Amino acid sequence: MAWPLREPGLAAWLWRTEGFVNYHWNWRIFWEPAPNGTGTYLDMLLSGLVLTIETALCAWIIALVTGSIVGVLRTLPSKTASRVGFAWVEFFRNMPLLVQLFIWFFVLPEIVPNSWGLWLKQMPNAPFYTAVIGIGLFMSARVAEQTRAGINSLPRGQKLAATALGLTTAQTYRYVLLPMTFRIIMPPLTSEFLSTIKNTSVAITIGLIELTGEARAMQEFSFQVFEAFTAATVLYLLVNIVVVIAMRYLERALAVPGYISGK
Amino acid sequence: MFANFDFDVIRRSLGYLFFDGMTFTLTLTGLSALGGLIFGTLIALMRLSGLKLVGRIAGLYVDLMRSLPLVLVIFWFYFLVPYIGQWLTGSSRPIHVGAFVSSLVTFILFEAAYFSEIMRAGIQSISKGQPAAAQALGLTYSQTMRYVVLPQAFRNMLPVLLTQTIVLFQDTSLVYVLSIPDFLGAASKVAQRDGRLVEMYLFAALVYFIISCFASFGVRRLQSRIAFVH
Numbered sequence: 381m382a383w384p385l386r387e388p389g390l391a392a393w394l395w396r397t398e399g400f401v402n403y404h405w406n407w408r409i410f411w412e413p414a415p416n417g418t419g420t421y422l423d424m425l426l427s428g429l430v431l432t433i434e435t436a437l438c439a440w441i442i443a444l445v446t447g448s449i450v451g452v453l454r455t456l457p458s459k460t461a462s463r464v465g466f467a468w469v470e471f472f473r474n475m476p477l478l479v480q481l482f483i484w485f486f487v488l489p490e491i492v493p494n495s496w497g498l499w500l501k502q503m504p505n506a507p508f509y510t511a512v513i514g515i516g517l518f519m520s521a522r523v524a525e526q527t528r529a530g531i532n533s534l535p536r537g538q539k540l541a542a543t544a545l546g547l548t549t550a551q552t553y554r555y556v557l558l559p560m561t562f563r564i565i566m567p568p569l570t571s572e573f574l575s576t577i578k579n580t581s582v583a584i585t586i587g588l589i590e591l592t593g594e595a596r597a598m599q600e601f602s603f604q605v606f607e608a609f610t611a612a613t614v615l616y617l618l619v620n621i622v623v624v625i626a627m628r629y630l631e632r633a634l635a636v637p638g639y640i641s642g643k
Numbered sequence: 073m074f075a076n077f078d079f080d081v082i083r084r085s086l087g088y089l090f091f092d093g094m095t096f097t098l099t100l101t102g103l104s105a106l107g108g109l110i111f112g113t114l115i116a117l118m119r120l121s122g123l124k125l126v127g128r129i130a131g132l133y134v135d136l137m138r139s140l141p142l143v144l145v146i147f148w149f150y151f152l153v154p155y156i157g158q159w160l161t162g163s164s165r166p167i168h169v170g171a172f173v174s175s176l177v178t179f180i181l182f183e184a185a186y187f188s189e190i191m192r193a194g195i196q197s198i199s200k201g202q203p204a205a206a207q208a209l210g211l212t213y214s215q216t217m218r219y220v221v222l223p224q225a226f227r228n229m230l231p232v233l234l235t236q237t238i239v240l241f242q243d244t245s246l247v248y249v250l251s252i253p254d255f256l257g258a259a260s261k262v263a264q265r266d267g268r269l270v271e272m273y274l275f276a277a278l279v280y281f282i283i284s285c286f287a288s289f290g291v292r293r294l295q296s297r298i299a300f301v302h
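Protein chains in written order, with the working numbering: chain A, 381 to 643; chain G, 73 to 302.
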């Protein structure tokens, strides 16, 4: 390459970039048929995206339900209840998600009675169910912490007033504390939901071919590493943006007037 | 249930698990935390610099990293780092980068986004009077940051930074996707070689659990001591 030598810095840079360009970009790859016979590479990635969203939504339902119950347990006057809640949170928070998935997937079928183990091993879509339950329970510990923090952040007067009105503990939570709590903890719950979506990618280790898995498969079939990962990155960003915008509307609609986050 | 539980496979592989696997995991955790903290503090300073463009770039970086799954980022850098190395050294082919360097770069750059948010909150928690007083004393911007703001921000945020490091410790297990023998990878290798998945995975879970529990217990104690000083 004949480049004027008076700009050695630029020349050197271009020369280096030359090497970087060794990689053969091919953005049309997305419209080429994938070898697994399901359509184009783009279809492959989109089906991964759908699986990511399905897994995340199912796991989120488990996380939300279990997490709320455990969070409430931790705020109850009963010592036993709060200890159970504490143990639950510590148990699911202090092991890597990957290890938890391995335990559900590889260990559980071996240590339950034989017939159950056989049923678990023969279950169709086992990676999906394992991911939903594993990620759901992993996230439940975080949701529990948010719920507990939310309940504890309410003024003591709320609980006292409810008791003074003659409400039982269950009624106090059902009608007074929880409706307030969930409206207050919407913003942290949004970021926990985003974590749930991101965490679904850990399930590729147990064979769930979601978005990251499909990008990886596309890279292996087509050798177009950076196109595949760029597409996955863009799709994850889009999902994030959609969730953030949707939650912002929801937060605004649910904000408690006059409360910290209320506007 | 544990009738044919083979404790011996754990005993036999202890050396490999801890000297190779755990050493890798802890080194990766420590260096990533250090690098992530330094780079993260720089990002936080960029965001708070008041320069619109610089702040915008730093903000975009943080948002990008925080909306991607770590697994995808690990794959990204695994394939990208050889090209970056080629570009930096000016060699004619993508250079070969070891598994350790590749994952270290990944974790530093990824965790920096999370550490920067913590440091940003820490810097913002310092009352405005402090940098103003430092300026009145004639300190330059870098002196103000170096001697007044950052030490306090770091101290206030220490429990949160350490908690994030525990999360990082657990997240390093994800290098499994590159078949690197970190602690979990080592356990998994033995498990598959000897057909002892139950023993090895339960043992790995137990070790992670104990270390994380002790570490978070320590952080909680530290937190109460710091709170007491205030």
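C-beta atoms are modelled at their ideal positions from N, C-alpha and C, and glycine is treated no differently.
If you're wondering where the values come from, they're calculated on a predicted model, not measured in any experiment.
Residue-chain proximity (residue i, chain A), Cβ-Cβ < 8 Å
i	result
residue 98(G)	no
residue 221(G)	no
residue 276(G)	yes
residue 143(G)	yes
residue 288(G)	yes
residue 284(G)	yes
residue 79(G)	no
residue 291(G)	no
residue 88(G)	no
residue 270(G)	yes
Sequence-distant residues of the same chain with beta carbon closer than 8 Å to residue i, five excluded per side
i	result
residue 509(A)	503
residue 427(A)	418 and 594
residue 480(A)	472, 514, 517 and 518
residue 462(A)	453, 454, 455 and 456
residue 599(A)	605, 608 and 609
Assumed close pair residue i, residue j - CB separation to whole angstroms, cut-off 8 Å
i	j	result
residue 269(G)	residue 276(G)	Their Cβ separation, rounded to whole angstroms, is 10 Å, which puts residue 269(G) and residue 276(G) out of contact at 8 Å.
residue 244(G)	residue 151(G)	Contact flag wrong, Cβ pair sits at about 19 Å.
residue 627(A)	residue 570(A)	4 Å
residue 582(A)	residue 437(A)	Not quite, the Cβ-Cβ distance comes to about 16 Å (not below 8 Å), so this is no contact.
residue 215(G)	residue 284(G)	That pair is no contact at about 39 Å.
residue 108(G)	residue 184(G)	5 Å
residue 433(A)	residue 421(A)	Their Cβ separation, rounded to whole angstroms, is 19 Å, which puts residue 433(A) and residue 421(A) out of contact at 8 Å.
Close Cβ partners of residue i (< 7 Å) along its chain, the five nearest in sequence each way excluded
i	result
residue 92(G)	253 and 258
residue 182(G)	137, 142 and 145
residue 221(G)	195, 198, 202 and 203
residue 464(A)	453
residue 601(A)	414 and 415
residue 190(G)	229, 232, 233 and 236
Own chain partners of residue i with C-beta closer than 6 Å, once the 5 adjacent residues on each side are dropped
i	result
residue 401(A)	Confidence in residue 401(A) is poor, its pLDDT being 49 and thus under 50, which makes the residue's placement too unreliable to answer from.
residue 522(A)	572
residue 297(G)	none
residue 94(G)	255
residue 543(A)	none
residue 247(G)	175 and 254
Within-8 Å CB hit, residue i to chain G
i	result
residue 581(A)	yes
residue 539(A)	no
residue 620(A)	yes
residue 629(A)	no
residue 396(A)	Summary for residue 396(A): the model assigns pLDDT 46, below 50, so the residue's position carries little reliability, and this model does not support an answer.
Three or more C-beta pairs under 8 Å: does that hold for the segment 236 to 243 of chain G against the segment 457 to 472 of chain A? no
Problem set entry | Contacting positions in the segment 172 to 200 of chain G - beta carbon closer than 9 Å to chain A | none
So if I threshold CB-CB distances at 9 Å, which residues from the segment 240 to 255 of chain G count as touching chain A?
241, 242, 243, 244, 245, 246, 248 and 249
Next on the checklist: Between the segment 512 to 521 of chain A and the segment 430 to 445 of chain A, can you find at least three pairs of beta-carbon atoms closer than 8 Å?
Outcome noted: yes
Report task. Check whether the segment 551 to 566 of chain A touches the segment 529 to 540 of chain A, taking contact to mean three or more Cβ pairs, one atom from each stretch, closer than 8 Å. Result -> yes
Q) Hey, is the segment 402 to 412 of chain A in contact with the segment 598 to 610 of chain A, meaning 3+ C-beta pairs nearer than 8 Å? A) yes
Of all the residues that make up the segment 125 to 141 of chain G, which are near chain A by a beta-carbon distance shorter than 9 Å?
Listed by position, the residues of the segment 125 to 141 of chain G near chain A (Cβ gap below 9 Å) are 135, 136, 138, 139, 140 and 141.
message: Closer than 8 Å is the cut-off here; do at least three beta carbon pairs connect the segment 274 to 290 of chain G with the segment 113 to 126 of chain G?
response: These segments do not touch.
inquiry  = Pairs of beta-carbons, one from the segment 477 to 496 of chain A and one from the segment 545 to 553 of chain A, closer than 8 Å: are there three or more?
reply    = no
Residues of the segment 467 to 480 of chain A with a CB closer than 9 Å to any CB of chain G: list them in chain order, please.
470, 471, 473, 474, 475, 476, 477, 478, 479 and 480
Check your understanding: For the segment 478 to 501 of chain A, which residues have a CB atom closer than 7 Å to at least one CB atom of chain G, in sequence order?
Key -> 478, 479, 482, 483, 486, 487, 490 and 491
inquiry  = Using a Cβ-Cβ cutoff of 7 Å, what residues of the segment 500 to 514 of chain A are near chain G? List them in chain order.
reply    = none
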